[in-house]
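Once you know that position 52 of the sequence shown is 68 in this note's numbering, the rest is easy, because the numbers rise by one and skip nothing. For each residue, glycine too, the CB sits at the ideal point set by N, CA and C. Okay, structure first, notes after.
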Amino acid sequence: MINEMKALVKSEPREGLWLKTAPVPEIGPDDVLIRINKTGICGTDIHIWNWDAWAQKTVPVPLITGHEFSGEIVEMGRNVEGLSLGQRCSGEGHLIGKQSRQSRAGKFHLDPETRGIGVNEQGAFAQYLRLPAFNVVPLPDDISDDIGAILDPLGNAVHTALSFDLIGEDVLITGAGPIGIMAAAVARHAGARHVVITDINQDRLELATRVADVIPVNVTRDDLNDVKAQLGIMQGFDVGLEMSGNQVALDQMVEAMVMGGRIALLGIPPGKSPVDWSRIVFKAITLKGIYGREIFETWYKMIAMLQNGLDVSNILTHQFAAHDYTQGFATMKSGLSGKVLLDWNEI
Numbered sequence: 017m018i019n020e021m022k023a024l025v026k027s028e029p030r031e032g033l034w035l036k037t038a039p040v041p042e043i044g045p046d047d048v049l050i051r052i053n054k055t056g057i058c059g060t061d062i063h064i065w066n067w068d069a070w071a072q073k074t075v076p077v078p079l080i081t082g083h084e085f086s087g088e089i090v091e092m093g094r095n096v097e098g099l100s101l102g103q104r105c106s107g108e109g110h111l112i113g114k115q116s117r118q119s120r121a122g123k124f125h126l127d128p129e130t131r132g133i134g135v136n137e138q139g140a141f142a143q144y145l146r147l148p149a150f151n152v153v154p155l156p157d158d159i160s161d162d163i164g165a166i167l168d169p170l171g172n173a174v175h176t177a178l179s180f181d182l183i184g185e186d187v188l189i190t191g192a193g194p195i196g197i198m199a200a201a202v203a204r205h206a207g208a209r210h211v212v213i214t215d216i217n218q219d220r221l222e223l224a225t226r227v228a229d230v231i232p233v234n235v236t237r238d239d240l241n242d243v244k245a246q247l248g249i250m251q252g253f254d255v256g257l258e259m260s261g262n263q264v265a266l267d268q269m270v271e272a273m274v275m276g277g278r279i280a281l282l283g284i285p286p287g288k289s290p291v292d293w294s295r296i297v298f299k300a301i302t303l304k305g306i307y308g309r310e311i312f313e314t315w316y317k318m319i320a321m322l323q324n325g326l327d328v329s330n331i332l333t334h335q336f337a338a339h340d341y342t343q344g345f346a347t348m349k350s351g352l353s354g355k356v357l358l359d360w361n362e363i
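Listed below in structure tokens is the structure:
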């Protein structure tokens, strides 16, 4: 067995990541060792690269980063059952505790002891990853390594979009980043009547139309009220999915909702934001905060939808060899891409 591997490490408390040699992780009796094939670059990884205030208070140094991945199992602990060597897989990157009320009730995604690979624990930007067998998600043969590497963010989109009934509903999505765009595709697949997605980035809005049957609205030049009228939406949108973390976008969403509308929030605003709570109260708006994925219901749902015609492949716009990671991060930071993959078979 190889004892050393290449990995992207946050080895210094400043901007950047560095390709280093690191020891291959040793697994415990309940773990598996995964040889990484593909990884996706996430917005969280950009925060860690930039070494912003959130990263400085959250991420230990040194740390192997990355949490979106696909690969295959190459070693298993003695207690592991139900998996096999050579099995293709992705995995849930949230490592849960077992003592909380939520965890003991099976509500794993709400466990307050959760730690994230690539954020709090050694991550997937490496040739090998240690992962508890509990967190492994086998990949069916009809789901590629490329799609397998973005199941984590797709899961965020699925968890957000399926928070409320969508059949026949009019849906407004604020924020046309990769997760917002995938949420739009999920909403259409799940039976929404109209899906409108807003942003100020025209390239991202055009990408959204290549991924899903949606109506893009550039709020710097288009009036959302005009779009509502054109679509015959008389009272307002039934469901809102806030993906931008932008206070102006949330305010616009609240105004555009029907009385009794429902909003799921995945976007994280920087710092504290003023909220017009009276407007939310008087419109009887339901708000739901979204964190990660429902473990493991979201994984079952999204794999089933992918096998039943959900196609998000056009969200994959760039792929680089892992040793060209600086180009990958620059592309992701440019705002001119969808999902960006790194290939760890080329290192």
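G196 (DSSP reduced to helix, strand or coil): helix
Alpha-carbon to alpha-carbon, A192 and D215: 6 Å
Rounded distance between the beta-carbons of V96 and D46, thought under 8 Å: 7 Å
Sufficient close CB pairs (3 or more, under 8 Å) joining the region 124–140 to the region 97–113: yes
For K22, the residue or residues it bridges with in DSSP: T37
Bounding residues of the alpha helix (DSSP H) (the contiguous stretch that carries G325): Element bounds for G325: n/a, residue is neither H nor E.
Cut-off 8 Å between Cβ atoms - residues of its own chain near E20, not counting five sequence neighbours on either side: T37, A38, P39 and V40
Exposure label - P290; buried when at least 16 CB within 10 Å: exposed
Euclidean distance between Cα positions of V230 and H205: 11 Å
Exposure of M275, with buried meaning 16 or more beta-carbon neighbours within 10 Å: exposed
Touching by the beta-carbon criterion (3+ pairs, under 8 Å), the region 169–178 and the region 261–276: no
Cβ neighbour criterion (16 or more within 10 Å) applied to D327: exposed
A149 vs L99 beta-carbon contact at 8 Å: yes
Selected residue, minimal CA-CA separation from I197, among E222, A69 and A245: E222
Anticipated Cβ contact below 8 Å, G256 with G277, distance rounded: 6 Å
Straight-line Cα distance separating I89 from Q103: 5 Å
Segment contact, 8 Å Cβ cut-off, at least three pairs: the region 159–172 with the region 321–340: yes
Outcome for E185 when other beta-carbon atoms lying within 10 angstroms are tallied against a minimum of 16: buried
Cross-strand partners of C105 (DSSP beta bridge): G87 and P154
Pick from N324, M321, F312 and D127 that is closest to S106, judged by C-alpha positions: F312
First through last residue of the alpha helix (DSSP H) which encompasses I163: D161 to G164
Alpha-carbon spacing of G237 relative to L24, whole angstroms: Contrary to the premise, residue 237 reads as Arg rather than Gly in this sequence. Each residue's alpha carbon lies about 41 Å from the other.
Residues bridged to G44 (per DSSP): DSSP output for G44 lists no bridge partner at all.
Secondary structure, alpha helix (DSSP H): runs of 4+ residues fully inside the region 269–316: 293–298
Ordered list of alpha helix (DSSP H) runs contained in the region 169–246, each at least 4 residues: 194–205 and 218–227
Alpha-carbon spacing of L155 relative to R51, whole angstroms: 14 Å
Burial state of R220, where buried means 16 or more other Cβ atoms lie within 10 Å: buried
Separation of V48 from F336, as counted between CA atoms: 26 Å
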